[in-house]
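K.L.:
Using the working numbering, you'd call the opening residue of the sequence shown number 467 and step up by one each time.
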Amino acid sequence: MPDSINNLLCLRRLSKRYPGVVALDEVNFDLRPGEVHCLVGENGAGKSTLIKVIAGAEKPDSGEIWVNGTQRHFANPAEAIATGIGVIYQDFKLVPALSVAENILLGHQPRRWNDKSPFIDWKKLCAEAGALLAQIGVELPLQQPVSRLSVAQRQMVEIAKALHHRARIIAMDEPSATLTDKELEYLFSLIRRLTAEGVGIIYISHRLEEIFEIGDRLTVLRDGRWVKTTEVASTNRQQLVQWMVGRELKEDSNIARQEQHPMTAEVLRVENLGRKWVHGVSFSVQAGEIFGFAGLVGSGRTEVARMIFGADRKQTGRIFLDSKEINPASPAEAISLGIGLLTEDRNLQGLIMGLSVQENIVLSSYDKLRAGWHINWRQVKATAQQHVEHLRIRTPSLAQLVVNLSGGNRQKVVLARWLATNCRVLIFDEPTCGIDIGVKREIHELIRRLAAEGRAVIVISSDLPEVMALADRIGVMWEGRLVGILSRPEATQEWIMHLATGQVAGGRSLAA
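1. Any contact of the stretch 758–767 with the stretch 920–935, i.e. 3+ C-beta pairs under 8 Å?
2. Let me check one thing: in DSSP terms, what residues is glutamine 537 bridge-paired to?
3. Cβ atoms of valine 925 and proline 897: under 9 Å apart, would you say?
4. Determine, using beta carbons only, whether tyrosine 555 comes closer than 9 Å to chain D.
5. Would you call tryptophan 743 buried or exposed, if buried means 16 or more other Cβ atoms sit within 10 Å of its Cβ?
6. Opposite tryptophan 692 in the DSSP bridges: which residues?
7. Less than 6 Å between C-beta atoms, sequence neighbours within five positions excluded: which residues of the same chain meet that for phenylalanine 654?
8. Below 8 Å on the Cβ atoms is my guess for glycine 500 versus glycine 664; work out the distance and round it to an integer in Å.
9. Arginine 844: which of Ala544, Val828 and Gln619 sits nearest, CA to CA?
10. Excluding the 5 residues preceding and the 5 following cysteine 889 in the sequence, name in chain order all residues of the same chain whose CB lies nearer than 8 Å to its CB.
11. Could you say which of Glu769, Arg907 and Glu732 lies nearest to glycine 746 if we only look at CA atoms?
12. Is the stretch 667–676 touching the stretch 689–698 in the sense that three or more CB pairs, one from each, lie closer than 8 Å?
13. Provide the residue(s) that pair with tyrosine 669 in DSSP beta bridges, ordered along the chain.
14. If you draw a straight line from the C-alpha of alanine 541 to the C-alpha of glycine 522, how long is it?
15. Does the pairing of the stretch 588–599 with the stretch 524–538 give three or more beta-carbon distances under 8 Å?
16. Once you ignore the five residues that flank aspartate 718 on each side, which residues in its own chain have a CB closer than 6 Å to its CB?
17. If you reduce the DSSP assignment to three classes, tell me which class glutamate 945 lands in.
18. Whole-angstrom Cβ separation of leucine 817 and valine 891, contact assumed at under 8 Å?
19. Is the beta carbon of leucine 475 sitting closer than 9 Å to the one on serine 528?
20. Comparing C-alpha positions only, which one of Glu732, Ile940 and Asp682 sits nearest to leucine 787?
21. Do you know offhand how far valine 612's Cα is from leucine 560's?
22. Could you tell me which whole alpha helix (DSSP H) segments of length 4 or greater appear in the stretch 547–604?
23. Go to aspartate 496, then tell me how far its beta strand (DSSP E) extends in each direction, as first and last residue.
24. Express the C-alpha separation of proline 576 and tryptophan 588 in angstroms, rounding to a whole number.
25. Just the C-alpha distance for phenylalanine 585 and glutamine 852, rounded to the nearest angstrom, thanks.
26. For a quick check, are the C-beta atoms of glutamate 640 and valine 905 less than 9 Å apart?
27. Suppose the cutoff is 7 Å on Cβ atoms and the five residues either side in sequence are ignored; what does the same chain contact list for threonine 1056 look like?
Encoded structure:
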């Protein structure tokens, strides 16, 4: 039996294989009471698989799981929950149409009169859910559907749900991916409060600065294998990156700016674009230019992209492509015009998870792969293979379902899909959200290469160093308005944040 006296959780020689992929290869891991143990590694390193095994969502092929000194074999997630394990996935496991209170006590709603009664005791339900939220210092409208909550609020619901099951082990998979700085600060405060009560936190994040702020220990995985476990205070960023990628990586998300791209003719122009929370947005993008959008979550950046792409109908304004007015009524029409959008939510909106790598890559370009009335399947396969090799997509075959790929490789499949269409305008919405440091660098290089080929590129990012490193000009959104367009010399973090938080009265355009 492993040393479990001081550990909430012990994993020993844990292995998990999928067809053509070794996801975990004899991995060791342990979690102590009251600590934040960070799990780090590139996409495909095995982090999410490890969490799924702990949660009972996947069964290991071999190895041991010990919880509080007792060896466990979980047949399903319910058994893991019963032993005090809670998992907060990046894509929340909540029922959008149900209320906050119903989601927190889902499956355990108190009944009127007796446990077999078909009637829920709504008063008791709200009282219990409210007490759990109060335990973590949160107030939420208990009867409001979770579909109307912010990402940060949904996260609090997930944490309250875990506490309802008396979880002493809580795994958080990329919890900060879409949080603002203020929301992240609150999350860290909550984590410290939980660990002070003896709860053990497994924390997964690609943002290395978070590891050094919140972590006590860290474990590095690479290609499904254990690499290193150490105290966070005893290492540094450079050493951690080397452990993760197995080599020295000279660039990361804070890559230095390169020379401004040569720009020629205007490709895209938007005038007075508006819809609901978006008001009078006007800007243009030239061939060879990377135009960045900065702003807080909910400022209207994604809404502007969706209107250009035809996913949402604009209520005011005009859109011009190569000086010709267009009015895309659907994404299909936008694609036919040469406009592509890589959505923020690649799993729900960017990919069809039940289809193969090949099918997802050519999904938007079948019209170009026809021979008369028939699809040229040889060309389909050749096109998909070309992009897999070009983008270095890690997949055992073109027939592999994308649901079995890591987050970074899924993002590459989305990129391949739009490159196959040969779009003139490419819009990237949070292109490196939840992506490891190595793949992030590859995507940055690809975005620059696309601009150098003469395409008009728009990048929306909540990561200020990223948008500043990539963009030739940066438009800053605040409460649905484009309050400033900054040229490269003007685009400092301080000035961007002044505009993004509405501290510049009325806003002003600083660059044409």
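Just so it is clear, CB atoms sit at the ideal spot from N, CA and C, and this is done for glycine as well.
P.N.:
Looking at the atomic coordinates:
1. yes
2. Trp532
3. yes
4. Of the protein chains in this structure there is only one, and it is not chain D.
5. exposed
6. Leu687
7. Ile680
8. 5 Å
9. Val828
10. Ile801, Gly804, Ile805, Gly806 and Arg921
11. Glu769
12. no
13. Cys504 and Met638
14. 6 Å
15. no
16. Unreliable placement is indicated for aspartate 718, whose pLDDT of 42 sits below 50; no coordinate value is reported for it.
17. coil
18. Not really, about 21 Å apart at Cβ, beyond 8 Å.
19. no
20. Glu732
21. 8 Å
22. 566–570 and 588–601
23. 487–497
24. 8 Å
25. 58 Å
26. no
27. The structure shown has nothing for residue 1056, since the chain only spans 467 to 978.
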